[in-house]
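Peer 1:
Residue numbers (this note's numbering): 149 to 263.
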């Protein structure tokens with residue numbers, strides 16, 4: 149697992165949880181998600197959790213960068229959260245929405261990348 153996080157406080161929590169779980173294969177990258185996606189990642193992911201800060205309204209841009217990055221395996225699943233009050237993010241054409249639900253102030257979607 150690779151965690152990309154910009155918040156120092158969240159980084160500390162992630163590192164502590166990784167130690168408690170003994171998840172030796174987990175990596176934490178202290179950086180902005182856009183920065184991470186603009187450099188070609190070495191990894192190919194089968195599952196991605198995308199939960200950007202709601203106030204930033206960057207979901208559609210991050211989805212586009214994620215698709216363009218080359219980091220997604222064929223048939224990758226992408227779980228996305230965004231503010232319910234915002235328009236549904238435009239997803240890349242290769243992504244098929246499998247679920248699209250709301251709970252409280254959150255819209256959550258599960259998409260699958262088709263090849």
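Yeah, the Cβ is synthetic: ideal placement off N, Cα and C, and Gly gets one too. Keep in mind that this is a model prediction, so the values were computed, not measured.
For a minimum of 4 consecutive residues, which ranges assigned as the alpha helix (DSSP H) are wholly contained in the segment 177-247?
Peer 2: 181-186, 207-216
Peer 1: Per DSSP, what kind of secondary structure is residue 160 in: helix, strand or coil?
Peer 2: helix
Peer 1: Residue 200 and residue 181 look like a contact to me (Cβ under 8 Å); what is the Cβ gap, rounded to whole Å?
Peer 2: 7 Å
Peer 1: Candidates 149, 249, 157: which alpha carbon is nearest residue 194's?
Peer 2: 149
Peer 1: Among 161, 164, 154, 163, whose alpha-carbon lies nearest the alpha-carbon of residue 183?
Peer 2: 154
Peer 1: Quick one, are the C-beta atoms of residue 185 and residue 233 less than 8 Å apart?
Peer 2: no
Peer 1: Looking at residue 192 and residue 221, is the spacing between their C-beta atoms short of 8 Å?
Peer 2: Closer than 8 Å, so yes.
Peer 1: Go to residue 153, then tell me how far its beta strand (DSSP E) extends in each direction, as first and last residue.
Peer 2: 150-153
Peer 1: With the cut-off set at 8 Å, would you say residue 210 and residue 225 are in Cβ contact?
Peer 2: No.
Peer 1: Have a look at 241, 189, 231 and flag the residue whose alpha-carbon is nearest the alpha-carbon of residue 253.
Peer 2: 231
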